[in-house]
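Start counting the sequence shown at 197; every next residue gets the next number (my numbering).
We treat Cβ as the ideally placed atom computed from N, Cα and C, and that holds for glycine.
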Amino acid sequence: MPGSNGVDDALPNIREGSLHPIDMAALLAPPRADHKPRILMLYGSLRERSYSRLATEEAARILRRLGAEVRIFDPAGLPLPDSVPADHPKVAELRDLSLWSEGQVWCSPERHGSMTGIMKAQIDWLPLSMGGVRPTQGRTLAVMQVCGGSQSFNAVNQLRVLGRWMRMVTIPNQSSVAKAFAEFDGEGRMKPSPYYNRIVDVMEELVKFTLLLRDRTAYLTDRYSERVETAEEVSRRVNLRSI
Numbered sequence: 197m198p199g200s201n202g203v204d205d206a207l208p209n210i211r212e213g214s215l216h217p218i219d220m221a222a223l224l225a226p227p228r229a230d231h232k233p234r235i236l237m238l239y240g241s242l243r244e245r246s247y248s249r250l251a252t253e254e255a256a257r258i259l260r261r262l263g264a265e266v267r268i269f270d271p272a273g274l275p276l277p278d279s280v281p282a283d284h285p286k287v288a289e290l291r292d293l294s295l296w297s298e299g300q301v302w303c304s305p306e307r308h309g310s311m312t313g314i315m316k317a318q319i320d321w322l323p324l325s326m327g328g329v330r331p332t333q334g335r336t337l338a339v340m341q342v343c344g345g346s347q348s349f350n351a352v353n354q355l356r357v358l359g360r361w362m363r364m365v366t367i368p369n370q371s372s373v374a375k376a377f378a379e380f381d382g383e384g385r386m387k388p389s390p391y392y393n394r395i396v397d398v399m400e401e402l403v404k405f406t407l408l409l410r411d412r413t414a415y416l417t418d419r420y421s422e423r424v425e426t427a428e429e430v431s432r433r434v435n436l437r438s439i
């Protein structure tokens with residue numbers, strides 16, 4: 197039936213009781229965690245002098261300065277996706293780190309115009325759902341890439357697509373380091389440059405977004421469609437017991 201404004205606002209497809217009013221307290225004033233923001237970092241190369249690893253390590257130093265707890269996953273020894281059971285030690289380590297994290301940094305070289313297979317394999321081992329728990333959903337994400345030549349954004353653009361697919365909150369800023377071989381000294385430390393400053397910007401933004409969102413993640417990712425699905429599953433269980 198039309199309302200007082202003459203518009204029919206009836207929602208016959210909505211399951212009553214499953215579409216809730218916005219909880220302003222949960223959104224604006226949730227209980228605050230007091231531990232350091234937990235950041236997992238992934239990089240996409242196994243070379244001895246891996247510039248994606250060096251950039252990741254440089255970013256980790258910045259994150260620690262900003263008060264974060266940082267863990268870097270070493271992809272050496274990680275099998276190809278689906279080639280071994282998910283209880284393989286390296287797979288289990290990666291998944292446990294993702295569950296531990298509140299934010300992540302993905303840094304890949306650009307190879308043949310895209311991220312590396314090593315980078316993609318790590319992400320492919322992270323399922324959207326694992327025993328009813330989503331190991332990436334709602335976590336913040338920063339994306340970075342290193343280039344062997346002129347600056348490109350192919351890898352970070354692909355990483356953004358993956359972050360969205362994994363239901364992560366990818367921050368607006370990003371880093372792409374051109375001619376990475378010229379940006380690090382013999383000790384593997386990044387030289388002062390606008391590229392370095394951009395990495396500082398990205399890490400600073402990541403920590404801010406992580407602190408802003410981590411206490412609200414459960415509420416922000418609570419979806420009507422999943423509440424309806426849960427209600428239907430409960431109904432099926434009740435009906436089975438009554439047969």
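Compute the Euclidean distance between the alpha carbons of residue 302 and residue 284, then round it to the nearest angstrom. Whole-angstrom Cα-Cα distance: 22 Å.
Excluding five sequence neighbours on each side, which residues of the same chain lie with their C-beta closer than 7 Å to the C-beta of residue 463? One cannot answer for residue 463 here, as it falls past the ends of the chain, which runs 197 to 439.
Opening and closing residue of the beta strand (DSSP E) in which residue 337 lies: 336-342
Beta strand (DSSP E) runs wholly inside the stretch 366-406, at least 3 long, in chain order: 371-373
Which residue wins for smallest C-alpha separation from residue 339, given the options 256, 398, 225, 408? 398
Residue 373: buried (16+ other C-beta within 10 angstroms of its C-beta) or exposed? buried
Local Cβ density within 10 Å of residue 361, reported as buried at 16 or more and exposed below that: exposed
Suppose only complete runs of 4+ residues qualify. What are the alpha helix (DSSP H) ranges in the stretch 256-313, listed by chain order? DSSP runs (the alpha helix (DSSP H)) wholly in the stretch 256-313: 285-296.
In terms of DSSP beta bridges, what is residue 236 paired with? 267, 300
Report the three-state DSSP secondary structure of residue 315 (helix, strand or coil). Residue 315 sits in a helix when the DSSP states are folded into three classes.
Whole angstroms are fine: how far does the CA of residue 208 sit from the CA of residue 216? 16 Å
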